[in-house]
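Enquirer: Would you mind keeping the following structure in view while I ask a few things?
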């Protein structure tokens, strides 16, 4: 079955530690996205990538970093510089011709204490 | 810049009652419009989309939305809801040619028996 996998589903970290969230897709999609979801704020775009080895900042990129070394993979690192990292993180992908029709993974809930 | 406003953060209704979830957008150019649904602890799924043509679009599970250009709205309706429709619903907009979606804050639909 084609789809997007995110791991782990729940992640706990101590403040000051960097943490990397995994996102893998086997849909052969060119574009991939990372969103952050907080209650009452909808989804906010962190980073997106339209092609391997290229990515752009979204609306709230500060404190985050990404890489796109393979078409299938788009890992997100939440650094210690992110002031409020506890949130639900969603990864999505879309084909180049249909950027607006995005397929989402199940999400990772990160808790930092 | 584009923005999306979902006017209700929560909408409680009784089972088999009709429902309308409101969405307004701001954009000076033509847009593509979407409704996504998020069931508890899951990622988002595309519910329906307006790209062009008929202003009334329908989903396979009985939802419909109407694009109203003069009122810059894309409200979501269902004539009779079911318990299984309990979810959070997100309206999203993409400007033609843009590489990303802008999401509203979400509306939590709660169905009471």
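Chains as they are written, first to last, in my numbering: chain A, 49 to 161; chain B, 31 to 143. Glycine included, each C-beta is placed from N, C-alpha and C at the ideal position. Keep in mind the model is a prediction, meaning the values are calculated, not measured.
(1) In whole angstroms, what is the alpha-carbon distance linking residue 124 (chain B) and residue 104 (chain B)?
(2) Return helix, strand or coil for residue 115 (chain A), following the three-state DSSP convention.
(3) Mind checking if residue 101 (chain B) is an interface residue toward chain A, Cβ cutoff 9 Å exclusive?
(4) Check this for me: beta carbons of residue 72 (chain A) and residue 99 (chain A), under 9 Å apart or not?
(5) The beta strand (DSSP E) that contains residue 137 (chain B), what's its start and end?
(6) For residue 89 (chain B) and chain A, any beta-carbon pair shorter than 9 Å?
(7) Where do the N-terminal and C-terminal ends of the beta strand (DSSP E) with residue 100 (chain B) fall, by residue?
(8) Which residue comes first and which comes last in the beta strand (DSSP E) that contains residue 94 (chain A)?
(9) Taking only beta-carbon positions, decide if residue 152 (chain A) is within less than 9 Å of chain E.
(10) To the nearest angstrom, how far is the alpha carbon of residue 125 (chain A) from that of residue 57 (chain B)?
(11) Within 9 Å (strictly less), CB to CB, does residue 112 (chain A) reach chain B?
(12) Rounded to the nearest angstrom, what separates residue 59 (chain A) and residue 104 (chain A) at their Cα positions?
(13) I'd like to know whether the C-beta atoms of residue 99 (chain B) and residue 85 (chain B) end up nearer to each other than 9 Å.
(14) At least one CB of chain A closer than 9 Å to the CB of residue 73 (chain B): is that the case?
(15) Buried or exposed for residue 156 (chain A), please, with buried defined as at least 16 other CB atoms from any protein chain shown within 10 angstroms of its CB.
(16) Checking 9 Å against the spacing of the C-beta atoms, do residue 112 (chain B) and residue 90 (chain B) come in under that value?
(17) Mind checking if residue 52 (chain A) is an interface residue toward chain B, Cβ cutoff 9 Å exclusive?
(18) Check this for me: beta carbons of residue 112 (chain A) and residue 96 (chain A), under 9 Å apart or not?
(19) For the beta strand (DSSP E) that residue 86 (chain A) lies in, which residues bound it at each end?
(20) Leaving out the 5 sequence neighbours to the left and right, which residues in its chain are closer than 6 Å to residue 114 (chain A) when beta-carbon positions are compared?
(21) On the DSSP bridge assignment, give the partners of residue 79 (chain B) in chain order.
Expert: Short version:
(1) Cα to Cα, the separation comes out at about 13 Å.
(2) coil
(3) no
(4) no
(5) 137-142
(6) Chain A contact via Cβ: absent.
(7) From DSSP, residue 100 (chain B) is part of no beta strand (DSSP E); its letter is neither H nor E.
(8) Following the DSSP letters along the chain, one finds residue 94 (chain A) inside the beta strand (DSSP E) bounded by residues 90-99.
(9) Among the protein chains in the structure shown, which are A and B, there is no chain E.
(10) 33 Å
(11) no
(12) 25 Å
(13) yes
(14) yes
(15) buried
(16) The criterion of a C-beta distance shorter than 9 Å is not satisfied by residue 112 (chain B) and residue 90 (chain B).
(17) yes
(18) no
(19) 79-86
(20) Excluding positions up to five away in sequence, the list reads 95, 103 and 124.
(21) B:64
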